[in-house]
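Structure first, then comments.
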Amino acid sequence: MIELFVSAFITFFVVIDPLGCAPIYAGLTATATPIHARAMAMRAVLVAAAILIVFALFGENLLHGLGISLASFRIAGGIMLFLIALEMVFEKRTERREDRAAKVAATPEVEDVSIFPMAMPMIAGPGSIASVMLLMSRNEGIERSLVILGALATILLLTLTALLAAGPLMRVLGAKIEAVVTRILGVLLAALAVQFVIDGVKISLG
Numbered sequence: 016m017i018e019l020f021v022s023a024f025i026t027f028f029v030v031i032d033p034l035g036c037a038p039i040y041a042g043l044t045a046t047a048t049p050i051h052a053r054a055m056a057m058r059a060v061l062v063a064a065a066i067l068i069v070f071a072l073f074g075e076n077l078l079h080g081l082g083i084s085l086a087s088f089r090i091a092g093g094i095m096l097f098l099i100a101l102e103m104v105f106e107k108r109t110e111r112r113e114d115r116a117a118k119v120a121a122t123p124e125v126e127d128v129s130i131f132p133m134a135m136p137m138i139a140g141p142g143s144i145a146s147v148m149l150l151m152s153r154n155e156g157i158e159r160s161l162v163i164l165g166a167l168a169t170i171l172l173l174t175l176t177a178l179l180a181a182g183p184l185m186r187v188l189g190a191k192i193e194a195v196v197t198r199i200l201g202v203l204l205a206a207l208a209v210q211f212v213i214d215g216v217k218i219s220l221g
């Protein structure tokens, strides 16, 4: 059981990549208040956990019932992530927030990124969904299933910790450095999005 836990833990850690999600989340929530940022982080992880548990238990039947392949899901997620990446690189999100701030006299409303893109497809994306479905299908029995879900829960707790720590760290670095980091992360996110699409196309053709 320990070997299964370690194997599942490593798989989820590589696919979900808590350390990689954290700086992207910090860039997306740069203008949010600390309280709002924490709330979005917790909501993102909770929603991602619910999505992954549903797919772990009912994933294959659900996708087959809807006529959706994992390849199609991966391509769609990649396209959506690419749009977010473009906004990060060209600061379109910042422009929208400034326009909104001009219209709202009180505290400006900060766009909620907890559901999209953080919960899905960043945390509960095609890779993590496919991984949890594959691990559950390969390991039958309640005990082995609970071990896999335990490894998933551990990774989600690490992800939450990383998201909560990323915002304060970025604020310490300052606005100029934050802007540079946000653009760099936008480029990296765009590359990740393109990889999602390429992988989806390869699966469809292969």
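For the sequence shown, our numbering assigns the number 16 to the initial residue and increments by one for each residue that follows. C-beta: ideal position from N, C-alpha, C; glycine also.
C-alpha gap between leucine 85 and valine 147, whole angstroms: Looking up residue 85 in the sequence shown gives position 70. Looking up residue 147 in the sequence shown gives position 132. Roughly 13 Å separates the two Cα atoms.
Under the three-state DSSP convention, the category isoleucine 199 falls into: For the purposes of this step, residue 199 is identified with residue 184 of the sequence shown, where counting begins at 1. Correct three-state label for isoleucine 199: helix.
If we count the other Cβ atoms within 10 Å of its Cβ and call it buried at 16 or more, is valine 202 buried or exposed? Along the sequence shown, read from residue 1 onward, the residue named residue 202 stands at position 187. Counting Cβ neighbours within 10 Å, valine 202 comes out exposed, since fewer than 16 surround it.
Assign threonine 26 to one of three DSSP states: helix, strand, or coil. Within the sequence shown, residue 26 is the residue found at index 11, counting from 1. Correct three-state label for threonine 26: helix.
Please give me, in chain order, every unbroken run of the alpha helix (DSSP H) with length at least 4 that falls completely inside the region 58-116. 85-105
Quick check on phenylalanine 105: buried or exposed, where buried means 16 or more other Cβ atoms within 10 Å of its Cβ? Taking the sequence shown and counting its residues from 1, one reaches residue 105 at position 90. Exposed.
Rank Phe88, Leu171, Val30, Thr26 by C-alpha distance to the C-alpha of alanine 59 and give the top, closest one. Position 44 of the sequence shown, counting from 1, holds the residue named residue 59. When each option's Cα is compared against that of alanine 59, the closest is Leu171.
Test item: CB-CB of leucine 43 and alanine 139 under 8 Å: Taking the sequence shown and counting its residues from 1, the one referred to as residue 43 is at position 28. Taking the sequence shown and counting its residues from 1, the one referred to as residue 139 is at position 124. The answer is no: Cβ separation not under 8 Å.
With 16 other CB atoms within 10 Å as the buried threshold, where does alanine 134 fall? Taking the first residue of the sequence shown as position 1, residue 134 is located at position 119. Alanine 134 should be labelled buried.
Cβ-based burial, isoleucine 73 [other Cβ within 10 Å; buried from 16]: On the sequence shown, residue 73 is found 58 positions in, with the first residue counted as 1. Sequence inspection shows phenylalanine at residue 73; the isoleucine mentioned does not correspond to that position. Classification of phenylalanine 73: exposed, given that the 10 Å Cβ count is below 16.
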